[in-house]
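Numbering (this note's numbering), first residue to last: 2 to 224.
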C-alpha cells in the first residue's frame, strides 16, 4: 500500500494485491444526502470503476453506455456498507466522505482490494479532519478489510487470482473487522457445493489473510 498516492484528495492510497492494482481516494464534502439533512449525521459512500484495459480484453466504459452496470452497483454498495460498519456516523457531523475505487489492473479480488484500500484512504482523510479540529472525536471505531477465499481442486485457497477464481468449485469474499466481527460473507458454489466445515475453513483462512492486511493498513495510514 502506497499512501498519499494522489495529491488533491483528502485521503488516497495505491493498493497492490498480486497483479490486482487499485487507486482509492477519499473526498470530504461539507454536505450530506437529502435524507440525512438536519439529522446531525454524516455519511460514507463509495464508487467503483475499472479501466477498459484493466483486464485481458477491453471492457466498454460504463459512461459510454449511459448507465452503471449491475456488477458495479453491487460492488459500490458492498464497499460503502463495509466502511459504514466501522464508522460512527454522528461523529462525522453533517459531512459526507466519498471513497472512489478505480481498478487500473485486475487479476481477481478487485472488490476485496478496494475495501482494504478504501479504509486506508478514509483513515487518512479522517486524520486530517481531526488535525484541523473539524471534528471533535474519531468516528472510525476499528479497521475493516476484505479478502477472497475459495476451494480450488479440493484445497482451500486464500486470495484467488483470476485463473484460480474461474476454476474454483466455490469462491467467496469475506469482509472482517480488526476486532473480530464479520461484516459480510459471500460464498457461492460454482458447480461444487460446500459443507459447514468447508465454510469454516474458508473463514479461518480469511482471518489469517485479513490479519496481514490489517498490519499493512496501519503501516500505510501512519506514514
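Just so it is clear, CB atoms sit at the ideal spot from N, CA and C, and this is done for glycine as well.
Please identify the residue among the options whose C-alpha is closest to the C-alpha of residue i.
i	options	result
residue 12	20, 73, 30, 21	30
residue 156	130, 121, 42, 200	200
residue 60	51, 76, 204	51
residue 1	205, 184, 20	Only positions 2 to 224 of the chain appear in this structure, which leaves residue 1 out of reach.
residue 90	129, 66, 33, 75	33
residue 237	67, 77, 85	As displayed, the chain neither begins before 2 nor continues past 224, which places residue 237 out of reach and without an answer.
residue 74	46, 92, 87, 93	46
residue 103	7, 206, 215, 210	7
residue 128	20, 161, 219	219
residue 9	69, 122, 78	122
residue 111	213, 211, 19, 4	19
residue 107	213, 164, 197	164
residue 97	222, 44, 197, 182	44
residue 208	147, 168, 131, 169	147
residue 153	215, 193, 211, 223	193
residue 160	170, 58, 149	149
residue 95	67, 71, 190, 130	130
Under a three-way DSSP split, which group does residue i fall into?
i	result
residue 163	helix
residue 73	helix
residue 218	helix
residue 245	Any question about residue 245 goes unanswered here, given that the chain covers just 2 to 224.
residue 213	helix
residue 149	strand
residue 168	helix
residue 109	coil
residue 7	coil
residue 134	coil
residue 29	strand
residue 19	coil
residue 157	strand
residue 182	coil
By Cβ distance, which residues of its chain are closer than 7 angstroms to residue i, with the 5 residues on each side in sequence left out?
i	result
residue 16	2, 23, 25, 114, 117, 118
Once you ignore the five residues that flank residue i on each side, which residues in its own chain have a CB closer than 8 angstroms to its CB?
i	result
residue 105	22, 23, 24, 52, 55
Leaving aside the five residues before and after residue i along the sequence, list all residues of the same chain whose C-beta is less than 6 angstroms from its C-beta, in chain order.
i	result
residue 166	109, 172
residue 140	88, 89, 92, 93
residue 48	77, 101
residue 143	87, 178, 179, 180
residue 195	171
Between the segment 31 to 48 and the segment 176 to 186, do three or more beta carbon pairs fall short of 8 angstroms?
no
Along the chain, which unbroken stretches of the beta strand (DSSP E) at least 3 residues long are found entirely within the segment 34 to 67?
44 to 51
Would the segment 192 to 208 and the segment 128 to 145 be scored as touching if the rule is three or more Cβ pairs under 8 angstroms?
no
Quick one: which unbroken beta strand (DSSP E) runs of 3-plus residues sit fully inside the segment 83 to 108? Chain order, please.
97 to 106
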